[in-house]
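See structure below.
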Amino acid sequence: MGLLTFGLNVTLDGCIDHTQGIADDELHDYWRERMEQSGAMLFGRNTYELMEGAWPAVARDENAPRAMREWAQKLEAKVKYVVSNSRSDFPWQNTVRVEGELREAISALKAKTEQGVLVGAPKLAASLEEWGLIDEYRIVVHPIISGHGPTLFQGLSSPRQLELLSTQRFKSGAQALHFRRKAG
808 MGLLTFGLNV TLDGCIDHTQ GIADDELHDY WRERMEQSGA MLFGRNTYEL
858 MEGAWPAVAR DENAPRAMRE WAQKLEAKVK YVVSNSRSDF PWQNTVRVEG
908 ELREAISALK AKTEQGVLVG APKLAASLEE WGLIDEYRIV VHPIISGHGP
958 TLFQGLSSPR QLELLSTQRF KSGAQALHFR RKAG
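See below:
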C-alpha cells in the first residue's frame, strides 16, 4: 500500500494563497522531485481547475523557464485523480474522476498505488485528515506573512501529533518540512 502524502506551499502565518510564494527554479525542482516519487496526484475540483488552466500551456511553451516546463511536463504525464461532485469531464491528459464514497475510494487508491499518492488540495486534505488517511506531510513554508486567505486544516476536530522527518532550506529562505503521522 502506498502512502498518501499531502504537499503544499504556505506562508509563515499558515495561509494558502498560490499568489503569495516564491516560485523559483529551486522550488519547482523540489515539487517535481516529490511528484516523480509518487505514483499519482490527487486534487479536488477547485485545485484541479487552477492547475488545468495553467500547466498544460507551460508544458508546451519552449520559452518557459526550465524548471517550470519540466514540472509542467511531469504533471501532464502523471496520473491525476480528481474529486468532484459537479464535474465529470476532464480532458487534460491522464485525468481520472474519483468515483464512489470518498473515504473508501481514497483507501482503495492508496492500496493500488504502490508508489503513493501526492495530494495538493487543501479542502480535500482537511477531509482526508479528518478520516486519518494522510500518512505524510510535505509543507513548504515561505518567509512571507500574508495576513489573509484560508489556512491549513481549518475546523479539524482534534489535534494530530506528527514526527518531523527532515527539513530543507532553500536559497529563497523557504523551508521544506517533511512530517509523518505519529503512531498511536
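If you're matching positions, the sequence shown starts at 808 in my numbering and goes up one per residue.
C-beta atoms are modelled at their ideal positions from N, C-alpha and C, and glycine is treated no differently.
Bear in mind that the values here come from a model prediction, so they are computed numbers and not experimental data.
Spell out a yes or no on whether the region 827-843 and the region 869-884 are touching, meaning 3 or more CB-CB pairs, one atom from each, closer than 8 Å.
-> Under the three-pair Cβ rule at 8 Å, the region 827-843 counts as touching the region 869-884.
Does the region 818-831 come close enough to the region 897-910 to have 3 or more Cβ pairs within less than 8 Å?
-> no
For the beta strand (DSSP E) containing ILE946, list its first residue and its last residue.
-> 943-949
Please determine, among VAL865, ILE913, TYR888 and LYS930, the residue with the shortest C-alpha to C-alpha distance to LEU940.
-> Checking every option, the nearest Cα to that of LEU940 belongs to ILE913.
Once you ignore the five residues that flank GLU970 on each side, which residues in its own chain have a CB closer than 6 Å to its CB?
-> ARG987 and LYS989
Cα-Cα separation between GLU840 and ALA879, rounded to whole angstroms = 12 Å
Contained alpha helix (DSSP H) runs [length at least 4] in the region 896-953, N- to C-terminal order = For secondary structure counted as the alpha helix (DSSP H) over 4 or more consecutive residues, the region 896-953 holds these complete runs in sequence order: 909-919 and 929-937.
Can you give me the start and stop residues for the beta strand (DSSP E) that ALA871 sits inside?
-> Counted as a single uninterrupted DSSP element, the stretch harbouring ALA871 is not any beta strand (DSSP E), since DSSP gives it neither H nor E.
Spell out a yes or no on whether the region 966-986 and the region 849-862 are touching, meaning 3 or more CB-CB pairs, one atom from each, closer than 8 Å.
-> Taking 8 Å as the limit for Cβ pairs, the verdict is that the region 849-862 does not touch the region 966-986.
THR818: first and last residue of the uninterrupted alpha helix (DSSP H) it sits in | First-last for THR818: 811-818, but that is the beta strand (DSSP E), not the alpha helix (DSSP H).
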